Structures are given as structure tokens and as C-alpha cells.
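Whatever position you read off the sequence shown (first residue = 1), add 9 for our numbering.
Structure, as C-alpha cells:
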Amino acid sequence: MIELRENVLCVEDYLAIRAKVGWKVLSQSQAEKALDNSLFVLSAYDDGELVGMGRIVGDGAVICYVQDLIVVPRVQGNHIGSMILEHLKAYVSSLRMEHTEMMFCLMCAKGREQFYEKHGFFARPTPNLGPGMMQYISDDK
């Protein structure tokens, strides 16, 4: 049975679960600051083992982003990602001020578009919105 825990993920576990899916390596201090500055961090455990996580970043009033939605490969396909995403959405909904609209956004990993579309997200560009864009800032640039 999957147990969801809020705002308890430690830096070591965060770095370890990122490594399990082959994501970019972060420094210890980067990971610590990322977790500390998150609005909300949700962890999923299967018999005490961390098998998934997601976090919310943003301003909590106008826009929130899903960041680092991870499910370890051996349990993918068991609806853990959906469970995490729905819990994250409920958290963001709880922040929304009455009579306002909150933007709930994410940057989708390649090949995961259908998963997010199933949960009500739409791809950009649209007739009214341009494409999502980004850049990396590092010592090399």
C-alpha cells in the first residue's frame, strides 16, 4: 500500500530518487535549497521505501509549477504518479484565492505528454499562448 507524506523528504533521499531516474546531478546545497524553497513536497512510500515524489514551486497566488514529479521505474504504471499529481493539484487548489484563477503549470519530460494530458494539462503553443521556453545558466555561459 502506498503511503503519501507531506514535507518530510530529506536531501539524501531527494538526490537518490533523482539518480534512480537518471536526472541531472545536483549538489547537496542545491538540493537542500530547492527543497527548502518549495511550497510543498510530497513523497510516496511503498512499505517504507521511497518510490515517488513531487513538489510544487511558485508564488502560491498566481502561478504554481509541478517540479520533479518522479516515480521510480520498477513501480511505474501502478498509478503512483497519478496519485502524486492529484494530491499536488489539491494542494494548489487549496491555495487559490476565492474568485481568482491559479495557473498550474509544468515542464513535461519528453514522452510523458499523454500522462499529463490525461490529468487535464494542455500543451503549448495554443492559439493564444506561445511555446514554453527556458535556458540554462551556468559557469559555461
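Glycine is no exception: its CB is placed at the ideal position from the N, C-alpha and C atoms.
Keep in mind it's a predicted model, so treat the numbers as computed, not measured.
Check the DSSP bridge columns for residue i and list the partner residues they point to.
{"i": "Gly61", "result": "Ala53 and Val80"}
{"i": "Tyr74", "result": "Val66 and Cys114"}
{"i": "Leu13", "result": "Ala53"}
If contacts are defined as beta-carbon pairs under 8 Å, then residue i and residue j qualify, I think. What distance do you get, rounded to the angstrom?
{"i": "Tyr23", "j": "Ala40", "result": "5 Å"}
{"i": "Gly69", "j": "Leu48", "result": "6 Å"}
Tell me the DSSP secondary structure of residue i in three-state form.
{"i": "Arg27", "result": "helix"}
{"i": "Ser91", "result": "helix"}
{"i": "Phe130", "result": "coil"}
{"i": "Val34", "result": "coil"}
{"i": "Glu107", "result": "coil"}
{"i": "Ser102", "result": "helix"}
{"i": "Lys119", "result": "coil"}
{"i": "Gln39", "result": "helix"}
Between residue i and residue j, what straight-line distance do the alpha-carbon atoms span, to the nearest angstrom?
{"i": "Val17", "j": "Ser38", "result": "17 Å"}
{"i": "Gln76", "j": "Leu97", "result": "10 Å"}
{"i": "Gly120", "j": "His108", "result": "35 Å"}
{"i": "Met10", "j": "Gly57", "result": "10 Å"}
{"i": "Asn137", "j": "Ile93", "result": "29 Å"}
{"i": "Phe124", "j": "Asn87", "result": "13 Å"}
Suppose the cutoff is 6 Å on Cβ atoms and the five residues either side in sequence are ignored; what does the same chain contact list for residue i look like?
{"i": "Gly81", "result": "Just to set this straight, residue 81 is Val in the shown sequence, not Gly. Around Val81: Lys29 and Val60."}
Sorted by chain position, which residues of the same chain lie with C-beta nearer than 7 Å to residue i's C-beta, five sequence neighbours on each side aside?
{"i": "Gly141", "result": "Met116 and Arg133"}
{"i": "Leu78", "result": "Gly63, Gly90, Ile93 and Leu94"}
{"i": "Val101", "result": "Ile65, Cys73, Met111 and Phe113"}
{"i": "Phe131", "result": "none"}
Give every residue of the same chain whose Cβ lies closer than 8 Å to the Cβ of residue i, excluding the five residues on either side of it in the sequence, and list them in chain order.
{"i": "Arg105", "result": "Met111"}
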